[in-house]
Structure formats: structure tokens, C-alpha cells
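Residue numbering for the sequence shown follows my numbering, beginning at 7 and increasing consecutively. This report concerns only the one structure given below.
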Amino acid sequence: MATIRTPAVAGLFYPANPQCLLENIGCLLSSAQVSRCLPKVLIVPHAGYIYSGVVAASAYVTLKLIAECVRRVVLLGPAHRTFLHGLALPREAIFATPLGQVKVDATAAEKIARLPQVSINSSVHALEHSLEVQLPFLQSILEDFSILPVVVGRASVDEVSDVLDCVWGGEETLIIISSDLSHYLPYAAAQREDNKTAASILELHQEIDHTHACGATPINALMAVARKHCLIPHLLDLRNSGDTAGSTDRVVGYGAFAFMSQDVPKRTGYAS
């Protein structure tokens, strides 16, 4: 029998009731501004939906026209709960959410598990929210897909870039980098810092550190791989918790970005 990674933050970061969760995500997606981007890679925040859900939705709504093509989602997010050297895959074969189960891509997992920087570590995944909160959005939009969930700890940019290169794939593969931006600055200071970080991402500069984004290492790795694959980054939304829910005294920044191939044709009927 396949082992299952059960939800750790259902009822905390997002609704545990399936119907409430679907309604929550439906409202977030319906209010998101539609972009013309047809992404290969998304950078998406990972806070509770009340805080960053509207920003995450601006990224996920871009998947609606490519949903039928995507069969594998590579998820990279930072380790929050457990110290980790390198990168970690789960031992579990299935990730569960209130909306059902998603299979881990065993073939892709076996492929990157051969890399020396990648370990199998279920304890790192057990309570980690940065990947889990992305799954209900994906389940609400995509049809038949598997995931490759990778938690990133203390690793070099080259080590993460090697993993991305290994599973880059074609149009069947979507890559998601899970990251929030600045943490616990006053509202105006957070805006200044997050605008600088967004500008660096849009210019594909590998100069982001962990005070700018908790997922700095996978973001910097993406910058290198994006240049190699001639991807064009687009800013979809940039806000902080002072804009969405909570005080403006100490806020957390959230950004959504889509990376699109120069070769992807624009599709008609996709409203601007």
C-alpha cells in the first residue's frame, strides 16, 4: 500500500472542509487579474490564504489555458521547520489534501535522488507548509497530474540548478518556486525592499538573499536556468500582509511571477 503524506496545515493556512476550500479558491481565482502569460515557471507565495491567497491566485489563474497540457508539477520550497543540508524528497508516494490525493512522480524522484545533494527525508516534509499550500490550487485547476515535491535547505545555487535542469521537461512539466518576500518590516520599508527584489527577478539577477525572500536559493537557481532557456519573467502581483490582512506595523511581502518561453505563441481569447 502506498504511503501518504497527510495535510499538516489544513484548517490553519487554508480551510480543512473541502467545500469551503473549493469556494475559497474559487473566489480567489475569480477575483484575480488575468494575464496573457502561459508559464513554464511560477514563483508563488506560501502564507495562509487570508494573507497571500489573492497573490497566489494571480499566478494560478495563468494555468487555465495550459491545464490540459500539464502532467507534472515540480515544487521547490524552503525548509521552515527542520534544518536541512541540500535538498529533500519525501519517502511518501502520495500527498493528501482535503481535495484528495496527488501522486508523487516516482520516475522523476528516482532520477534526482541519484544526485549527491538530494536525500530522502520524510521528517522534513511532514510539517512543511511551503509546498502543501500550493496543492489545493493545483488540484482546483489541473486535470491529471503528479508532483515532484522538493524541500530546499542549505544548498548552493548550482546544486538547485542541477535539479531544475534534470527535470525541466517540456510543456508537460510546470515548475513552481514557493517563496514569500520580506519578513516583518514596517509597511513602507517592506514595499521598498519588495520592489527591489521584484526588479531583480525581472532582470534575472542572482542577487537575492534570504532577507529578501525565504526561497532565495531556488529563486536564484531559477534565474540561472531561466537565462539558459531564454525565459521572460512577468510580474503578476506584488503586495504584503498589510494590504490583505493584518497590521501594517510588521508585514510579510508576497510576489507572484510567471516565466514564459519566448517561443510560446499567444493564444486568442485570453483577456488582458
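The beta-carbon is built from N, C-alpha and C at its ideal position, and this holds for glycine as well. Everything numeric in this text was worked out from a predicted model, so none of it was measured.
Start and end residues, beta strand (DSSP E) containing residue i
i	result
L44	L44 -> no beta strand (DSSP E), and no H or E assigned at all.
G261	257-267
N246	237-246
V124	124-126
Residue i, enclosing alpha helix (DSSP H) - first and last residue
i	result
I56	55-66
N226	222-234
Y190	Where Y190 is concerned, there is no enclosing alpha helix (DSSP H), although the beta strand (DSSP E) it sits in stretches over 189-191.
A94	Note, A94: premise wrong, no alpha helix (DSSP H); beta strand (DSSP E) at 93-95.
P24	24-37
A115	112-119
C218	Checking the sequence shown, residue 218 turns out to be His, not Cys. Per DSSP, H218 belongs to no alpha helix (DSSP H) and is neither H nor E.
S253	Taken as a continuous stretch (DSSP letters only), S253 belongs to no alpha helix (DSSP H), as it is neither H nor E.
H135	135-138
Distance, residue j Cα to residue i Cα
i	j	result
A227	Q212	8 Å
S152	S253	38 Å
G259	A219	8 Å
S36	V257	25 Å
P155	L69	19 Å
P104	D111	20 Å
M266	L237	5 Å
R160	W174	22 Å
R233	S146	31 Å
L137	P84	9 Å
A195	A14	32 Å
A53	S129	21 Å
T88	P96	14 Å
H241	V61	Just to set this straight, residue 241 is Leu in the shown sequence, not His. Going from the Cα of L241 to the Cα of V61 covers about 11 Å.
A16	R198	32 Å
A132	H86	11 Å
L187	A65	15 Å
I31	T250	15 Å
A114	C172	9 Å
V79	K202	28 Å
I207	E29	32 Å
Outcome for residue i when other beta-carbon atoms lying within 10 angstroms are tallied against a minimum of 16
i	result
L81	buried
A262	buried
N127	buried
N23	exposed
R273	Low confidence applies to R273: its pLDDT is 42, below 50, so where it sits in the model is not reliable, and the reading given next is rough at best. R273 is exposed by the Cβ-count criterion.
Y20	buried
R11	buried
A205	exposed
I26	One point to set straight first is that residue 26 is Cys, not Ile, in the sequence displayed. It counts as exposed.
P271	Reliability of the predicted coordinates at P271 is poor, the pLDDT of 49 falling under 50, and no value is obtained from them.
D168	buried
Y190	exposed
D150	exposed
G221	buried
S162	exposed
V255	Checking the sequence shown, residue 255 turns out to be Asp, not Val. Its Cβ having fewer than 16 others within 10 Å, D255 is exposed.
R245	buried
Residues bridged to residue i (per DSSP)
i	result
V80	L154, I181
G106	T103
R198	Answer is none; R198 lacks a bridge partner.
R87	Paired residues: none, contrary to the question.
I10	I100
A16	Y20
V50	S184
Any non-hydrogen atom of the ligand HEM closer than 6 Å to residue i Cβ
i	result
T203	Absence of the ligand HEM from the depicted structure is noted, as is the absence of any ligand whatsoever, leaving it without description.
Sequence ranges, alpha helix (DSSP H) only - wholly within the stretch 147-182, length at least 4: 163-172
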